[in-house]
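2 protein chains.
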Amino acid sequence: MSNTKTLPVLEIFGPTFQGEGMVIGKKTMFVRTAGCDYSCSWCDSAFTWDGSAKDDIRKMTAEEVLERLNFLAPHNFSHVTISGGNPALLKHMGSLVELLHAQNVEVALETQGSRWQDWFLHIDDLTISPKPPSSLMKTNFEVLDSIIEQLMEAGRTAHVSLKVVVFNEEDFLYAKLIHARYPQISFFLQVGNEDTGDEKETDDLVPKLLEEYEKLVDRTMQDRDMNQVRVLPQLHTLVWGNKRGV
Amino acid sequence: MSNTKTLPVLEIFGPTFQGEGMVIGKKTMFVRTAGCDYSCSWCDSAFTWDGSAKDDIRKMTAEEVLERLNFLAPHNFSHVTISGGNPALLKHMGSLVELLHAQNVEVALETQGSRWQDWFLHIDDLTISPKPPSSLMKTNFEVLDSIIEQLMEAGRTAHVSLKVVVFNEEDFLYAKLIHARYPQISFFLQVGNEDTGDEKETDDLVPKLLEEYEKLVDRTMQDRDMNQVRVLPQLHTLVWGNKRGV
Ligand code: SF4
Ligand code: SF4
Numbered sequence: 001m002s003n004t005k006t007l008p009v010l011e012i013f014g015p016t017f018q019g020e021g022m023v024i025g026k027k028t029m030f031v032r033t034a035g036c037d038y039s040c041s042w043c044d045s046a047f048t049w050d051g052s053a054k055d056d057i058r059k060m061t062a063e064e065v066l067e068r069l070n071f072l073a074p075h076n077f078s079h080v081t082i083s084g085g086n087p088a089l090l091k092h093m094g095s096l097v098e099l100l101h102a103q104n105v106e107v108a109l110e111t112q113g114s115r116w117q118d119w120f121l122h123i124d125d126l127t128i129s130p131k132p133p134s135s136l137m138k139t140n141f142e143v144l145d146s147i148i149e150q151l152m153e154a155g156r157t158a159h160v161s162l163k164v165v166v167f168n169e170e171d172f173l174y175a176k177l178i179h180a181r182y183p184q185i186s187f188f189l190q191v192g193n194e195d196t197g198d199e200k201e202t203d204d205l206v207p208k209l210l211e212e213y214e215k216l217v218d219r220t221m222q223d224r225d226m227n228q229v230r231v232l233p234q235l236h237t238l239v240w241g242n243k244r245g246v
Numbered sequence: 001m002s003n004t005k006t007l008p009v010l011e012i013f014g015p016t017f018q019g020e021g022m023v024i025g026k027k028t029m030f031v032r033t034a035g036c037d038y039s040c041s042w043c044d045s046a047f048t049w050d051g052s053a054k055d056d057i058r059k060m061t062a063e064e065v066l067e068r069l070n071f072l073a074p075h076n077f078s079h080v081t082i083s084g085g086n087p088a089l090l091k092h093m094g095s096l097v098e099l100l101h102a103q104n105v106e107v108a109l110e111t112q113g114s115r116w117q118d119w120f121l122h123i124d125d126l127t128i129s130p131k132p133p134s135s136l137m138k139t140n141f142e143v144l145d146s147i148i149e150q151l152m153e154a155g156r157t158a159h160v161s162l163k164v165v166v167f168n169e170e171d172f173l174y175a176k177l178i179h180a181r182y183p184q185i186s187f188f189l190q191v192g193n194e195d196t197g198d199e200k201e202t203d204d205l206v207p208k209l210l211e212e213y214e215k216l217v218d219r220t221m222q223d224r225d226m227n228q229v230r231v232l233p234q235l236h237t238l239v240w241g242n243k244r245g246v
C-alpha cells in the first residue's frame, strides 16, 4: 500500500499570494504535506500531524501533484510554496522540485530546520523557521548549524532566509540569538498569531494583530542588534483571517 | 545663498520600518528631500513640492545629513531610505550615498524614473515607480527605457525593482504594460491610498485599505501575465495611518 515514491498531501490550492516572509506578496500556489516531527503549542496547522485530518491525506506522486497544480491554475502560476507540517521529512520531495523547475516554476519551502535534505540546495526560496520557547519545542542547534553551514558552503545564501515567530519577550531574545548565530542569512521577524480561527467571532482580530505588529516593530527599532532584520505581519491573516472560523 | 553641494532636506527621521516595496519590513531611517518634477493628482507628499512647507526646507551637506542620522539613532541603523519628492533631481545625492556606504549603511531610494543620475548605480535598493494614468502624469518612455537599460547593462538588476501604484483598472493595465516592457526587473504592485490623512476620522481606513488590497490581489491572481509579480499594501498606513490626521 505505502509507496515510498509518493508524497502525503493534505492540500493543494491557489493561485493566491504568499502572506509572509522572504517573498511576501508573491503570487503562488500552495502544496501542504502531512506529518511533523514537532508539536508546537500554537501550531496553526496541527491538523497536518494530530490525526484529525488523516482521512484527507492523499498519497500522490510528484507527477500527480504537478497535474493537480496545472489543473487548478492552467498557465496561471510560476511559483509554488511547499509547506506542512514539516515537508523536510520527505526524502522524495526532490522529484517534485525537479518537475516544477522543468516547467519553469520556482519553488519556496518552509521547514523548522530539524532535518536536512539534499534537495534543500534546489529550493529557490528556502525559509528555515526555528521555533522559539513559546512553542515548547527545543531547537537542536547541532542540526541547525549543519543545515545553515551546508547551504552557505553551497553558495545558496541568496536563496535562504531565517524566520522566527515572536509571541513574547523570551521569543524575541531567542530570535536575537538565532540572528547573531547566523548573521549572513537574511532574517525575518514575524508576529505570532494566537488566533487559531476555530472559536468566537474575529472582528477584533485585525486591530489586535496590527497592535501586536506595532509592538514588535517598536521592540525591534530599539534594539541595536537587530538593525538588519525585517519585521512582518501575516498579510493573509489580515485579509482573510476574520473570514475563516465559524 | 544657494550652495550646489547641499541637499534640500525636508525630513530626517527613524529608526522605523519600511512599509512598502522591495525591502518591506526592513528597519530603516528616512531622509526626505524637497522638489518634484511631477504633480501627481493623489501625491501623498505634495508638501515636498507645492510650496506649503518651503520654510521647513533645510539646505544640508551630505556630512550634515549623516551627522543628523547618527544623532537620531546612534549605532541603531544600517539602512537609510531616501525619498521625496523626487530625489533623482539632486545631482549631489551621490556624496551622501558614498558617506553612508563608508559607514556600512545600505541605501534605498525611490524615484518615478523621469531622470537619470549616475549615482543610481550605487543604490542598494532602487525602486523605480512610474506613475499610472490616475496620477494624471505622462510617462516619458524614452527616459524610462534608458534608465532601465543602463541599470541592466551595469549588472544592477538584483538591486532594482519596479513598483506601480494601482487605483483602478486603467492603472492595472498600465502596470501590466510596464511589467511586460521590463520583464527582467522585479515587479511590485501596490494598493493606492486615497486617504491623504487630512480630513475626517479614519476609523474605517484599515478595513477599507485591506478590502482594496484584497481586490488587487484577486485581480492579479486571475491574470496570467502577472505570475511573477508581488502585490503589497502599505504596512505603515495599516499600522499608523489611522493615528495621523485630525
Ligand atoms: S513545526 Fe510547524 S507544522 Fe510542525 S508543529 Fe510546529 S508550527 Fe506546526
Ligand atoms: S512623483 Fe511622487 S512626490 Fe512627485 S508628485 Fe508624484 S507622488 Fe508626489
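Residue numbers (the UniProt record's numbering), protein chains in the order written: chain A, 1 to 246; chain B, 1 to 246.
The C-beta atom is built at its ideal place from N, Cα and C for all residues, glycine as well.
Query                                                                                                                       : Result
Neighbouring residues, chain B, relative to A/Met221 (Cβ below 7 Å)                                                         : Pro15, Thr16, Lys27
Candidates B/Ser78, B/Arg115, B/Val206, of which the one nearest B/Ser146 by Cα                                             : B/Arg115
Helix, strand or coil at B/Ile178 [DSSP, three-state]                                                                       : helix
Simplified DSSP assignment, three categories, for B/His75                                                                   : coil
Proximity below 7 Å, CB of B/Leu89 to CB of B/Gly35                                                                         : yes
Nearest to B/Ala73 (by Cα), restricted to the options A/Asp225, A/Leu173, A/Gln103, A/Asp44                                 : A/Asp225
Continuous beta strand (DSSP E) stretch holding B/Glu214: start and end                                                     : From DSSP, B/Glu214 is part of no beta strand (DSSP E) but of the alpha helix (DSSP H) over 205 to 221.
Three-state secondary structure (DSSP) of B/Ala34                                                                           : coil
A/His236 at chain B interface by Cβ criterion, 7 Å                                                                          : no
Cut-off 6 Å between Cβ atoms - residues of its own chain near A/Phe30, not counting five sequence neighbours on either side : Phe13, Gly14, Thr81
Rounded straight-line distance, which links the Cα of A/His179 to that of A/Gln228                                          : 9 Å
Host alpha helix (DSSP H) of A/Ser95 (start-end)                                                                            : 93 to 102
DSSP three-state assignment for A/Phe167, whether helix, strand or coil                                                     : coil
7 Å Cβ cut-off: residues of chain B touching A/Glu214                                                                       : Val239
Through-space distance from B/Val23 to A/Pro183, alpha-carbon basis                                                         : 18 Å
Own chain residues within Cβ distance below 6 Å of B/Leu136, not counting five before or after                              : Ser41
For A/Asp118, the nearest candidate out of A/Leu144, A/Gln150, A/Thr127, A/Glu110 (CA to CA)                                : A/Gln150
Where B/Leu232 sits in the DSSP three-state scheme                                                                          : strand
Cβ-based burial, A/Phe172 [other Cβ within 10 Å; buried from 16]                                                            : buried
Alpha-carbon to alpha-carbon, A/Phe187 and A/Arg230                                                                         : 6 Å
A/Ser39 CB to nearest heavy atom of ligand 1 below 6 Å                                                                      : yes
Spatial neighbours of B/Asn76 in its chain, beta-carbon cut-off 8 Å, leaving aside the 5 residues before and after          : Pro15
Residue of A/Asp204, A/Val217, A/Glu106 minimising C-alpha distance to A/Gln190                                             : A/Val217
Cβ distance (whole Å) where B/Arg8 is taken to contact B/Thr28 below 8 Å                                                    : According to the sequence as given, residue 8 of chain B is Pro; it is not Arg. Their Cβ separation, rounded to whole angstroms, is 21 Å, which puts B/Pro8 and B/Thr28 out of contact at 8 Å.
Backbone secondary structure at B/Thr61 - three-state DSSP                                                                  : coil
Reference A/Ala154; option with closest CA among A/His236, A/Leu69, A/Ile123                                                : A/Ile123
Beta-carbon neighbours of B/Met226, restricted to chain A and to distances below 8 Å                                        : Lys27
Buried or exposed (CB count within 10 angstroms, at least 16 for buried), B/Glu110                                          : buried
Between the CA atoms of B/Leu126 and B/Val143 - distance to the nearest angstrom                                            : 16 Å
Per DSSP, cross-strand counterpart(s) of B/Ile12                                                                            : B/Val31
Listed by chain order, chain D residues near B/Ile128 by CB distance under 9 Å                                              : As a matter of chain content, chain D is missing from the structure shown, whose protein chains are A and B.
Simplified DSSP assignment, three categories, for residue 247 of chain A                                                    : Because chain A in this structure spans residues 1 to 246, residue 247 of chain A falls outside the shown range and cannot be described.
The region 50 to 77 of chain A: positions lying closer than 8 Å to chain B by Cβ                                            : His75, Asn76, Phe77
Per-residue burial, A/Ala175 [other beta carbons within 10 Å of its own, 16 or more giving buried]                          : buried
Where A/Ser211 falls, given that 16 or more other Cβ within 10 Å makes a residue buried                                     : Per the sequence shown, residue 211 of chain A should be read as Glu rather than Ser. The residue in question, A/Glu211, is exposed, as its Cβ has fewer than 16 Cβ neighbours within 10 Å.
A/Gln112 Cβ short of 6 Å to ligand 1 heavy atom set                                                                         : yes
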